[in-house]
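S.K.: Counting in the numbering used here, the sequence shown runs from 32 upward without gaps.
This structure is in structure tokens; I'll ask about it shortly.
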Amino acid sequence: MICQRCGNCCIHLDIYIINPTSVLPDGTIDTGDPSAMIHKPAGERCPHLAWENNQAACVIHHLPCYQGTPCQLFEQVGSEDAVCIMSSYFKGN
């Protein structure tokens, strides 16, 4: 999927995210910490969402703790080289 960086997934998805207070100085998390992942309800803005030149950006996207998260593993239906259609879906609902 080719992300359009609209930020709608970061607002509208009901998903588990990395707890911002659980990110260690080296960019990892304590995997034994039960509060390292928290629920982000649909309609609530992800605390990791930032805006750069009118484009959504995840402030932990480059950190080791992001690897393997539900956000990193999220995929849309369709081909790998297709433009993301989730923004249109969220706007329609």
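All C-beta atoms in this analysis are idealised placements derived from N, C-alpha and C, irrespective of residue type, glycine included.
So which of 99, 94 and 106 has the shortest CA-CA distance to residue 55?
M.R.: 94
S.K.: Got a sec, what are the start and stop residues for the alpha helix (DSSP H) residue 42 sits in?
M.R.: 39-43
S.K.: By the DSSP assignment, the alpha helix (DSSP H) with residue 103 in it spans what residues?
M.R.: That run of the alpha helix (DSSP H) goes 101-104.
S.K.: Return the chain-ordered ranges of every beta strand (DSSP E) run that is complete within the stretch 50-102 and spans a minimum of 3 residues.
M.R.: The beta strand (DSSP E) runs of length 3 or more contained entirely in the stretch 50-102 are, from start to end of the chain, 68-71, 80-83 and 86-89.
S.K.: Between the stretch 40-47 and the stretch 74-88, do at least 3 Cβ pairs fall closer than 8 Å?
M.R.: yes
S.K.: Would you mind sorting residue 69 into buried or exposed? The rule is 16 or more other CB atoms within 10 Å of its CB.
M.R.: exposed
S.K.: What does a CB cutoff of less than 7 Å around residue 107 pick up in its chain, not counting 5 residues either side in sequence?
M.R.: 32, 115, 116 and 117
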